[in-house]
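Protein chains: 2
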Amino acid sequence: PSAEAVAATRAREAQLVKPAGALGRLEEISEWLAAWQGKAPPTVSRPLVAIFAGAHGVASRGVSAYPASVTRQMLDAFGNGHAAINQICATFDVGLKVFDLAVDRPTPDITTDAAMSESECAATMAYGMEAIAGGIDLLIVGEMGIGNTTVAAALSCALYGGAPEDWVGRGTGVDDEGLARKAEAVRAALKRHEGHLADPLEALRRVGGRELAAMAGAILAARLERVPVVIDGYVASAAAGVLHALDSSALDHCVAGHLSAETAHRRLLQRLELKPLLDLGMRLGEGSGGALAAAMIKAAVACHTGMATFAEAAVADRG
Amino acid sequence: PSAEAVAATRAREAQLVKPAGALGRLEEISEWLAAWQGKAPPTVSRPLVAIFAGAHGVASRGVSAYPASVTRQMLDAFGNGHAAINQICATFDVGLKVFDLAVDRPTPDITTDAAMSESECAATMAYGMEAIAGGIDLLIVGEMGIGNTTVAAALSCALYGGAPEDWVGRGTGVDDEGLARKAEAVRAALKRHEGHLADPLEALRRVGGRELAAMAGAILAARLERVPVVIDGYVASAAAGVLHALDSSALDHCVAGHLSAETAHRRLLQRLELKPLLDLGMRLGEGSGGALAAAMIKAAVACHTGMATFAEAAVADRG
């Protein structure tokens with residue numbers, strides 16, 4: 105982070121026609137953006153939602169309310185402008201790119217096998233790094249993948265401990281039996297890979313999935329390229345957790361876009377030390393909560409750059 | 105509210121390519137808009153932020169961190185596009201109108217006199233009703249007025265009881281002595297008007313202010329013209345409280361845009377039975393938190409109207 109850009113942003117913020125601190129988190133956001141973009145004022149001229157899509161062998165274990173075929177169908181929907189994220193991006197003029205991580209070739213079932221080989225996991229992380237190509241100045245990390253809340257729960261449980269029940273939720277809307285099957289799948293996966301989960305990257309490879317590996321790569325690359333990141337929901341947060349488990353400062357360039365209605369998201373964000381911007385009871389994925397948060401970030405930058413100073417506006421400052 | 109429009113909105117919502125309920129409050133908002141606009145789908149094509157500005161005799165009692173002259177200066181800033189609300193409205197394509205309620209002629213000090221005569225209070229409410237002219241489909245109610253958090257505290261205390269300390273906060277940023285002066289002013293005002301505050305409209309007239317009367321009028325008129333309302337912060341909520349005290353269903357066409365950092369706002373929203381959309385630690389007024397909430401409402405309508413159905417998108421629904 106750039107201390108110079110922070111100082112310049114703070115100095116400007118103090119002169120704008122408003123009581124100090126009156127814009128609350130919007131002011132914090134301007135400062136955070138400046139710190140990580142390394143420039144003052146910060147910009148949000150080219151924000152991008154990246155949706156990472158993957159398919160999961162564990163989906164065959166009845167852990168989702170929807171058939172696995174929906175992942176491919178939703179990719180088509182994104183392409184045709186049919187999904188919620190298309191409407192949100194259009195409303196706020198945010199770019200959208202979809203990364204197809206071989207959704208027609210599901211990863212092996214994590215209850216019996218590792219999700220990825222070492223080379224595949226590394227290659228998928230590298231592929232995710234490409235999300236930041238093209239000169240974007242804000243990255244919103246989202247995902248799509250039937251079965252991936254189960255995988256995210258297994259990974260979270262591997263990283264942070266606790267019982268499988270602490271980390272599974274209703275995802276797309278499973279019933280009580282489905283929820284029990286999710287917990288059972290997580291338990292089986294952790295048992296199968298016992299003794300190999302202490303290294304966060306190895307946990308990602310074994311009980312994660314391709315979109316989680318790609319998101320971890322994207323978040324990592326964004327930091328190196330000075331692109332601040334908005335993390336969407338539970339699955340994206342689990343991917344971010346791999347980096348956080350490796351280095352507790354690894355997500356300082358990230359903000360949590362929203363608190364998902366997926367119940368374990370609150371617990372996970374507490375572990376990641378991230379305070380969500382929004383809390384709208386959403387649990388859709390697709391980067392949808394993150395894209396709404398990006399609109400707030402746009403407003404923060406608009407205020408920071410567009411407002412006049414007390415002197416320019418000829419308004420009396422406090423006595 | 106239109107039961108027909110609600111039913112049509114709910115029927116469409118159930119067919120859109122997402123798990124039922126996955127958009128959380130965005131779905132509730134679409135339904136609420138449809139109910140009060142009396143049409144399905146609802147629209148947010150002409151949203152308007154109305155800023156009601158007033159001046160207060162009580163400001164001379166050292167209850168604000170800023171001189172009273174700032175109210176007039178901020179009106180100029182709004183006109184010149186210099187303020188935070190100008191940037192937020194421009195970012196989200198929301199209209200902005202400022203209602204100058206004689207800011208060069210402050211109301212009498214509420215600790216010694218009534219803020220308004222009966223005819224002035226009625227005329228000011230009627231003037232506020234003009235906010236909904238011009239075919240708008242969403243009204244965001246905001247305000248500006250040095251001293252008006254003191255007036256809002258006095259009115260809230262009159263409407264809902266408790267101690268003056270329960271209802272005063274730091275407003276634009278007063279220190280401990282300023283906060284004590286605010287509580288003292290509220291106590292003095294309630295003492296002065298004791299025995300005349302049981303009628304909410306009489307309380308508004310005596311310990312309120314012009315922008316509060318105008319906001320109450322605007323909220324009332326909006327309902328009659330089927331325009332849903334976003335209430336901004338603490339002062340706007342206190343104005344809404346007058347209507348709520350008269351009839352507990354009077355704000356059913358309103359949503360609270362955000363939870364302000366002004367400490368008593370949480371207590372007041374609980375009394376009004378309103379759950380804020382956003383919580384960003386803001387305390388600026390100007391309709392700023394409400395305008396950010398309007399962006400979320402725009403996104404809700406964009407999703408509701410723009411998304412494809414499962415059938416249109418050829419996506420498999422749950423089994």
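From first to last, the protein sequence lines stand for chains A and B.
So for the first sequence, our numbering puts the first residue at 105; every next one is plus one.
So for the second sequence, our numbering puts the first residue at 105; every next one is plus one.
No residue lacks a Cβ here, since even glycine has one placed at the ideal position from N, Cα and C.
Item, Value
"Bridge-paired residues (DSSP) for A:His-300", "For A:His-300, which the question treats as bridged, DSSP gives no partner whatsoever."
"Distance between A:Thr-147 and A:Lys-402 (C-alpha atoms, nearest Å)", "8 Å"
"Partners in chain B for A:Gln-177, counting only beta-carbon separations shorter than 8 Å", "Ala-417, Ala-418, Val-419 and Ala-420"
"Between the CA atoms of A:Leu-243 and A:Pro-332 - distance to the nearest angstrom", "6 Å"
"Interface positions of the region 214 to 242 of chain A facing chain B (Cβ-Cβ less than 9 Å), listed along the chain", "none"
"Close Cβ partners of A:Val-346 (< 6 Å) along its chain, the five nearest in sequence each way excluded", "Pro-304, Leu-308 and Ala-320"
"Nearest-angstrom Cα separation, counted from B:Ala-318 out to A:His-357", "44 Å"
"A:Gly-273 at chain B interface by Cβ criterion, 8 Å", "no"
"Whole-angstrom C-beta distance between B:Ala-187 and B:Leu-263, which should lie under 8 Å", "About 30 Å; that fails the 8 Å criterion."
"Contact residues within the region 304 to 334 of chain A, judged by C-beta distance below 7 Å to chain B", "none"
"Chain B within 8 Å of A:Gly-128, Cβ atoms only", "yes"
"With 16 other Cβ atoms within 10 Å as the buried cut-off, status of A:Glu-366", "buried"
"Contiguous alpha helix (DSSP H) assignments of at least 4 residues, all confined to the region 256 to 306 of chain B", "268 to 271 and 280 to 296"
"Residue of B:Arg-114, B:Ala-406 and B:Asp-204 minimising C-alpha distance to B:Phe-196", "B:Ala-406"
"Top-ranked residue by Cα proximity to A:Leu-316, from A:Ala-344, A:Ala-293 and A:Ala-325", "A:Ala-344"
"Selected residue, minimal CA-CA separation from A:Thr-205, among A:Thr-175, A:Ile-214, A:Thr-215 and A:Asp-217", "As written in the sequence, residue 205 of chain A is Leu, which differs from the Thr given in the question. For the residues A:Thr-175, A:Ile-214, A:Thr-215 and A:Asp-217, the minimum Cα distance to A:Leu-205 belongs to A:Thr-175."
"For B:Thr-147, the three-state DSSP class (helix, strand or coil)", "coil"
"Distance between B:Ile-323 and B:Ala-287 (C-alpha atoms, nearest Å)", "28 Å"
"contact_flag[the region 149 to 168 of chain A, the region 128 to 138 of chain A] where n(CB pairs < 8 Å) is 3 or more", "no"
"Chain A contact residues for B:Pro-146, given Cβ-Cβ distances below 7 Å", "None at all; the shortest Cβ gap to chain A is about 14 Å."
"From A:Ala-415, A:Val-272 and A:His-408, residue whose alpha carbon lies closest to that of A:Ala-112", "A:His-408"
"Cβ-Cβ distance between B:Ala-397 and B:Leu-376 below 8 Å", "no"
"Within chain B, the residues that A:Lys-424 reaches when beta carbons sit closer than 8 Å", "Outside the displayed range of chain A (105 to 423) lies residue 424 of chain A, so it cannot be described from this structure."
"Inter-residue Cα distance where the pair is B:Ala-118 and B:Gly-394", "28 Å"
"Within chain A, partners of B:His-369 - CB distance below 8 Å", "What B:His-369 touches in chain A: nothing, since even the nearest Cβ is about 12 Å away."
"CB contact below 8 Å: A:Thr-276 versus chain B", "yes"
"DSSP three-state assignment for B:His-369, whether helix, strand or coil", "helix"
"Length at least 3, wholly inside the region 193 to 257 of chain A: the beta strand (DSSP E) runs in chain order", "199 to 204 and 242 to 248"
"8 Å Cβ cutoff, B:Gln-141 in contact with chain A", "no"
"Beta-carbon neighbours of A:Ser-173, restricted to chain B and to distances below 7 Å", "Ala-420"
"Interface residues of chain B facing A:His-160 [CB-CB closer than 8 Å]", "The contacting residues do not exist; A:His-160 stays about 16 Å from chain B at best."
"7 Å Cβ cut-off: residues of chain A touching B:Met-248", "Correct list: empty, because the minimum Cβ distance to chain A is about 11 Å."
"Beta carbon proximity, A:Gln-119 to chain B, threshold 8 Å", "no"
"8 Å Cβ cutoff, B:Tyr-89 in contact with chain A", "Residue 89 of chain B lies beyond the stretch modelled for chain B, which goes from 105 to 423, so this question has no answer here."
"Reduced DSSP category for B:His-408 - H, G, I as helix; E, B as strand; rest coil", "helix"
"Residues sharing a beta bridge with B:Leu-382, DSSP", "B:His-362"
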